[in-house]
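Participant: FYI, the numbering for the sequence shown is 0 to 328, going by numbering that gives the first Met the number 0.
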Amino acid sequence: MRYDRHGFPIPVEFERPTAAQDATDFGRVGPRLASLEQDDDAQPGRAATVPVGRQRPGAWKRWLLLAAILGGVVPAIVIPQVLPVVREVVVQWSLKRAAECEARSDIAGAVADVSRAVRWLGDDADLLCMRAMLRLEKRDAPGCLEDAVRASGIAPTAVQPWRVRALVNVVLDDADAALAAADMVVSLSAPGDPDALNHRAYIRGLAGRDLQAAIVDIDRAIGATEEASPEMLDTRGFLLHLVGRHREAVDQLNLAITGMQQNRRKLGLLAGRVDPAHLACRVRGLEHGMAVMLHHRALACREVGLEEQAKQDFELADRKGFDPTRGIF
């Protein structure tokens, strides 16, 4: 819409008058226009004439209201669509950083990264168990137990939170709680599950309780598998040592260590084919397992008079990270 110099709209079909005609018209209507403008100011409800180049007084308010509406509506539509993607990116990035930290034994950094993932993802039993084990290795047993209890509350039928609770209660020297948690692992697992039986047998050995029942557990576990894992052979050897059958214990522990060495060589073949950080974490886990087995063999060797072998095993176990205060036992 076009306007003349007095602010009146010019219809499309209207031809603009010459400057001389415009001046003559103004001479006729000017005084009356001034009077009308005064009347408009004095009479509420009547539309006032807006001079050319100026907006009505409420125009800026309408623009402000529109901006406010868009500012509220657009995020309400966009954020719910984008947030899950952002959350997934942050969680995966945090877990990758945690693996890198763990690979270089920066456990505090790994805990911080997993904690970020927990904050973004919310209550997740698997992440809480992951952080719990890292906290245990960081010698934060109370923090580990807190995470494990929280995880078992989120997923009451999940096995892993109870496995962690059993281990951390051994560190906290609460044998009753450790054994109760180990029983829960067996109860929540499939009947005769070898891993659950092995876990309970080992917790019983660490607690020094129900050793004959523990041997029954581990024999059932090994009997239910086609080939006993190094971890199961280690449990059996450890229990045999605890009940005084030291020579049998050494034989079982020799088999366990040989199996673990074979697994270590197989992992070495994956170098360059898998993510280096994850491979380093797996190797680190095997080294800790080897440390435990060497310590157990050292105990049994000492009892049968193999002092030099026992000394070598104790020293190598320490170098590989054996440390009961960090849950590596």
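Even glycine gets a Cβ: it sits at the ideal position worked out from N, Cα and C.
1) So, alanine 206 versus valine 167, is the Cβ gap smaller than 7 Å?
2) DSSP three-state call for aspartate 322: helix, strand or coil?
3) Would you check if the distance between the CB atom of leucine 241 and the CB atom of glycine 288 is smaller than 7 Å?
4) When you compare each of Leu133, Cys128, Val84, Ala189 to tryptophan 119 by their alpha carbons, which one comes out closest?
5) Could you check if threonine 324 is buried or exposed, using at least 16 other CB atoms within 10 Å of its CB as the buried criterion?
6) 7 Å is my cut-off, CB to CB: does serine 114 come that close to chain D?
7) Determine, using beta carbons only, whether phenylalanine 237 and histidine 295 come nearer to each other than 7 Å.
8) If you check the beta carbons only, do alanine 276 and glutamate 99 fall under 7 Å apart?
9) Three or more C-beta pairs under 8 Å: does that hold for the stretch 123-139 against the stretch 160-174?
10) Where DSSP assigns a beta bridge to isoleucine 221, which residues make up the other side?
11) Kindly identify the DSSP beta-bridge partner or partners of isoleucine 327.
12) Ends of the alpha helix (DSSP H) at aspartate 250?
13) Looking at alanine 297 and aspartate 312, is the spacing between their C-beta atoms short of 7 Å?
14) Could you tell me the distance, in whole angstroms, from the CA atom of serine 188 to the CA atom of leucine 144?
15) Could you check where the alpha helix (DSSP H) with arginine 208 kicks off and where it finishes?
16) Starting from the Cα of glycine 121, find the closest Cα among Lys95, Arg149, Ala109 and give me that residue.
17) Considering only the alpha carbon of each residue, which of Ala200, Arg208, Asp209, Pro229 lies closest to aspartate 218?
18) Identify whether aspartate 172 lies in helix, strand or coil by the three-state DSSP scheme.
19) Between aspartate 146 and cysteine 128, what straight-line distance do the alpha-carbon atoms span, to the nearest angstrom?
20) Out of curiosity, what's the CA-to-CA distance linking alanine 213 and arginine 115?
21) Less than 7 Å between the C-beta atoms of alanine 97 and valine 113, yes or no?
Facilitator: If we stick to the structure as given:
1) no
2) strand
3) Between leucine 241 and glycine 288, the CB-CB gap reaches or exceeds 7 Å.
4) Val84
5) Counting every other CB atom within 10 Å of its CB across the protein chains shown gives threonine 324 a total below 16, marking it as exposed.
6) Looking for chain D here will not work: only one protein chain is present.
7) yes
8) yes
9) Three or more Cβ pairs drawn from the stretch 123-139 and the stretch 160-174 lie within less than 8 Å of each other, which places the two stretches in contact.
10) None; isoleucine 221 has no bridge partner.
11) Asp322
12) 245-267
13) yes
14) 21 Å
15) Counting along the chain, arginine 208 falls outside any alpha helix (DSSP H), and DSSP gives it neither H nor E.
16) Arg149
17) Ala200
18) coil
19) 7 Å
20) 39 Å
21) Cβ distance < 7 Å, so alanine 97 and valine 113 count as in contact.
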